[in-house]
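Those protein sequence lines, which keep their order, are chains D and L.
For the first sequence, position 94 matches number 94 in our numbering, and the numbering has no gaps at all.
One gets our numbering by counting positions in the second sequence from 1 and adding 1000 to each.
For every residue, glycine included, the Cβ atom is placed at its ideal position computed from N, Cα and C.
Step one of this worksheet: look at the structure below.
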Amino acid sequence: MQDNKAKYQKMVEKSSPNTNLILNCLNAFWTGGLICVIGQFITNSFLNLGCDIDIARTITSVILIFIGILLTGLGVYDEIGKIAGAGSVVPITGFANSVAAPALEFKKEGFIFGVGAKMFIIAGPVIVYSTLTSVIVGIFYYLSK
Amino acid sequence: MDYLNAFWVGGLICVIGQILIDKTKITPARILVLFVVIGCILGGFDIYDKIIDYAGAGASVPLPGFGNLLANGVKEEIDAEGAIGILTGGLKAASAGITAAVIFSLLGALAFNPKEK
């Protein structure tokens, strides 16, 4: 019995990383894809209302950010994340979640150093390094003009 | 057709993130930083706009789309205002997303309490 158990454990260890990877990728694919389809629907709706494409995309981001934060507050986004993995991290709703989740979690430390500071624990580096990259892009663009 | 392209391209970008999380030691938080920076670089080379032309929200909704927004913003501001655009363009383009995330998160922290674990 003990022997069988050990054998089984070995078998599981051998086979599960790959099956997990495939399953995780599949889940990331359809959930992430679905969020983008919802985004496309919102964008198309505002295009049909006569919005300019840039405005339609900006409104889409804002609405998705709102939904992401609402679902974070309701405790639903974490549940989605357990299945979706990167499918819930990579879309803009994942960025929204990365701001809202620590803001909520550290609420007990107050609104200045809890909510106000901790909301940037992940968004901070995102903003820092994307700003840096945009400045580098800008310097090259300016020099190449 | 635009829904199909949004679905598979958006899904594929998420799969790349999933493989990085599962196969390397890159945490989800670092994926956020990495993808936005990559989007900004691809935007700098005018590559990401072509993906958005094909995939629509499938490319604009994932985080590289946010980075691309900064790259485009910088270029537009340099065209309009000159060198000062290097400093103003990026965050100006990102302002709607950042402001929305900050304000909605503040309201969320007021309205909700963290789940007991």
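Reference residue i, options the options, closest by Cα
{"i": "D:Lys-141", "options": "L:Gly-1090, L:Gly-1108, L:Thr-1088 and L:Ile-1078", "result": "The question names Lys, yet the displayed sequence has Tyr at residue 141 of chain D. Measuring from the Cα of D:Tyr-141, the nearest candidate turns out to be L:Ile-1078."}
{"i": "L:Gly-1067", "options": "L:Ile-1084, L:Pro-1114 and L:Ile-1098", "result": "L:Ile-1098"}
{"i": "L:Glu-1076", "options": "D:Ile-63, D:Gly-138 and D:Ala-6", "result": "D:Gly-138"}
{"i": "L:Val-1036", "options": "L:Ala-1100, L:Gln-1018 and L:Ala-1094", "result": "L:Ala-1094"}
{"i": "D:Val-126", "options": "L:Ala-1109, L:Gly-1090 and L:Val-1015", "result": "L:Gly-1090"}
{"i": "D:Ala-103", "options": "D:Asn-24, D:Gly-116, D:Phe-95 and D:Asp-54", "result": "D:Gly-116"}
{"i": "D:Phe-66", "options": "D:Val-135, D:Thr-133, D:Thr-31 and D:Thr-93", "result": "D:Thr-93"}
{"i": "L:Leu-1034", "options": "L:Gly-1058, L:Gly-1065, L:Gly-1073 and L:Ala-1109", "result": "L:Gly-1065"}
{"i": "D:Tyr-129", "options": "L:Leu-1110, L:Ile-1021, L:Pro-1114 and L:Cys-1040", "result": "L:Cys-1040"}
{"i": "D:Ile-63", "options": "L:Val-1074, L:Ala-1096 and L:Gly-1073", "result": "L:Ala-1096"}
{"i": "D:Val-37", "options": "D:Gly-87, D:Asn-20 and D:Leu-143", "result": "D:Gly-87"}
{"i": "D:Leu-34", "options": "L:Gly-1058, L:Ala-1080 and L:Ile-1084", "result": "L:Gly-1058"}
{"i": "D:Leu-70", "options": "L:Ala-1111, L:Ile-1019, L:Glu-1081 and L:Leu-1004", "result": "L:Ala-1111"}
Sheet register partners of residue i (DSSP bridge)
{"i": "L:Pro-1062", "result": "D:Pro-91"}
Pair within 8 Å by beta-carbon distance, residue i and residue j
{"i": "D:Gly-85", "j": "D:Ala-28", "result": "yes"}
{"i": "L:Ser-1060", "j": "D:Val-99", "result": "no"}
{"i": "D:Ala-96", "j": "L:Ala-1101", "result": "yes"}
{"i": "D:Val-90", "j": "L:Leu-1063", "result": "yes"}
{"i": "L:Gly-1017", "j": "L:Ile-1038", "result": "no"}
{"i": "D:Thr-131", "j": "D:Ile-83", "result": "no"}
{"i": "L:Gly-1056", "j": "L:Ala-1109", "result": "no"}
{"i": "D:Cys-25", "j": "L:Val-1074", "result": "no"}
{"i": "D:Leu-21", "j": "L:Asp-1022", "result": "yes"}
{"i": "D:Lys-135", "j": "L:Ile-1103", "result": "Rather than Lys, the amino acid found at residue 135 of chain D in this sequence is Val. No, Cβ-Cβ distance for D:Val-135 and L:Ile-1103 is not below 8 Å."}
Residue i: CB within 7 Å of a non-hydrogen atom of the ligand ZN
{"i": "L:Ala-1055", "result": "No copy of the ligand ZN occurs in the structure displayed, which carries no ligand at all."}
**Prompt:** When Cβ atoms are compared, which residues of the stretch 100 to 126 of chain D fall closer than 7 Å to chain L?
**Reply:** Contacts with chain L (Cβ-Cβ distance below 7 Å) from the stretch 100 to 126 of chain D involve Ala-100, Ala-103, Leu-104, Glu-105, Lys-107, Val-115, Met-119, Ile-122, Ala-123, Pro-125 and Val-126, listed in chain order.
**Message:** Tell me whether the stretch 1049 to 1057 of chain L and the stretch 69 to 77 of chain D touch, counting them as touching only if at least three CB pairs, one residue from each stretch, are closer than 8 Å.
**Reply:** When C-beta atoms of the stretch 1049 to 1057 of chain L are compared with those of the stretch 69 to 77 of chain D, fewer than three pairs fall below 8 Å, so the two segments do not count as touching.
**Request:** Identify each residue in the stretch 64 to 78 of chain D for which the Cβ-Cβ distance to at least one residue of chain L is less than 9 Å, and report them in chain order.
**Result:** Along the stretch 64 to 78 of chain D, the positions whose C-beta sits under 9 Å from a C-beta of chain L are Leu-64, Ile-65, Phe-66, Gly-68, Ile-69, Leu-70, Thr-72, Gly-73, Leu-74, Gly-75 and Asp-78, read in chain order.
**Prompt:** Do three or more CB pairs link the stretch 32 to 48 of chain D to the stretch 1019 to 1028 of chain L at distances below 8 Å?
**Reply:** Judged by pairs of C-beta atoms under 8 Å, the stretch 32 to 48 of chain D does not touch the stretch 1019 to 1028 of chain L, as fewer than three such pairs exist.
**Message:** Whether or not the stretch 46 to 65 of chain D and the stretch 1056 to 1076 of chain L are in contact is what I'm after, with contact meaning three or more pairs of Cβ atoms, one per stretch, closer than 8 Å; do they touch?
**Reply:** Look at the beta carbons and you see the stretch 1056 to 1076 of chain L touching the stretch 46 to 65 of chain D: at least three pairs across the two are nearer than 8 Å.
**Message:** Using a Cβ distance threshold of 8 Å, determine whether the stretch 101 to 108 of chain D contacts the stretch 1039 to 1047 of chain L, with at least three qualifying pairs required.
**Reply:** Verdict: no, contact absent.
**Prompt:** Taking any Cβ of chain L, which residues in the stretch 81 to 92 of chain D have a Cβ under 9 Å from it, in chain order?
**Reply:** So the list reads Gly-81, Ala-84, Gly-85, Ala-86, Gly-87, Ser-88, Val-89, Val-90, Pro-91 and Ile-92, given in the order they occur along the chain.
**Asked** Can at least three beta-carbon pairs, one atom from the stretch 45 to 55 of chain D and one from the stretch 1001 to 1012 of chain L, be found at a separation below 8 Å?
**Response** With contact defined as three or more Cβ pairs closer than 8 Å, the stretch 45 to 55 of chain D and the stretch 1001 to 1012 of chain L are not in contact.
**Request:** Using a Cβ-Cβ cut-off of less than 9 Å, give me the residues of the stretch 1011 to 1024 of chain L that come near chain D, in sequence order.
**Result:** The stretch 1011 to 1024 of chain L vs chain D, Cβ under 9 Å: Gly-1011, Leu-1012, Ile-1013, Cys-1014, Val-1015, Ile-1016, Gly-1017, Gln-1018, Ile-1019, Leu-1020, Ile-1021, Asp-1022 and Lys-1023.
**Item:** Under 9 Å (Cβ pairs) to chain L, residues found in the stretch 29 to 53 of chain D
**Value:** The stretch 29 to 53 of chain D vs chain L, Cβ under 9 Å: Phe-29, Trp-30, Thr-31, Gly-32, Gly-33, Leu-34, Ile-35, Cys-36, Val-37, Ile-38, Gly-39, Gln-40, Phe-41, Ile-42, Thr-43 and Asn-44.
**Request:** Check distances from the C-beta atoms of the stretch 131 to 142 of chain D to those of chain L and list, in chain order, the residues that come in under 9 Å.
**Result:** Within the stretch 131 to 142 of chain D, the residues whose Cβ lies closer than 9 Å to some Cβ of chain L are Thr-131, Leu-132, Thr-133, Ser-134, Val-135, Ile-136, Val-137, Gly-138, Ile-139, Phe-140, Tyr-141 and Tyr-142, listed in chain order.
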